[in-house]
Ligand code: SF4
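In my numbering, the protein residues as written are 1 to 77.
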């Protein structure tokens, strides 16, 4: 799942920016939101989504990946 549109993803890929992706195994525990609230948010269904950022480095994404109990987060790009 992602809040990022196809167009936003294409822009990130063209710029060589890697970005996190949340897959459908997310159980909505909100650990990633607590750790990296600039990057992750919960949607209306209580699942994590990735918010638009110019740069995802130095935003504790690796810590959020480590904390996710179902390994739902990975880097893309
Ligand atoms: S830490 Fe993992 S399971 Fe918990 S809300 Fe984030 S992506 Fe979903």
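Ideal Cβ placement from N, Cα and C applies to all residues, glycine included.
Item: Within a Cβ cutoff of 6 Å, which residues of the same chain sit near residue 27, ignoring the five residues on either side of it in sequence?; Value: 70
Item: Pull every residue with its beta-carbon under 7 Å away from any heavy atom of ligand 1, and keep them in chain order.; Value: 22, 26, 27, 28, 29, 30, 31, 32, 33, 40, 42, 47, 48, 64, 67, 68, 69, 70, 72, 73
Item: On a CA-only basis, which of 65, 59, 48, 60 is nearest residue 4? Give me that one, please.; Value: 48
Item: Taking only the alpha-carbon atoms, compute the straight-line gap between residue 57 and residue 22 and give it to the nearest angstrom.; Value: 16 Å
Item: Taking the alpha-carbon of residue 67 as reference, which of 8, 52, 53, 32 has the nearest alpha-carbon?; Value: 32
Item: Could you tell me whether the Cβ of residue 57 comes closer than 8 Å to any Cβ of chain D?; Value: No chain D appears in this structure, which consists of one protein chain only.
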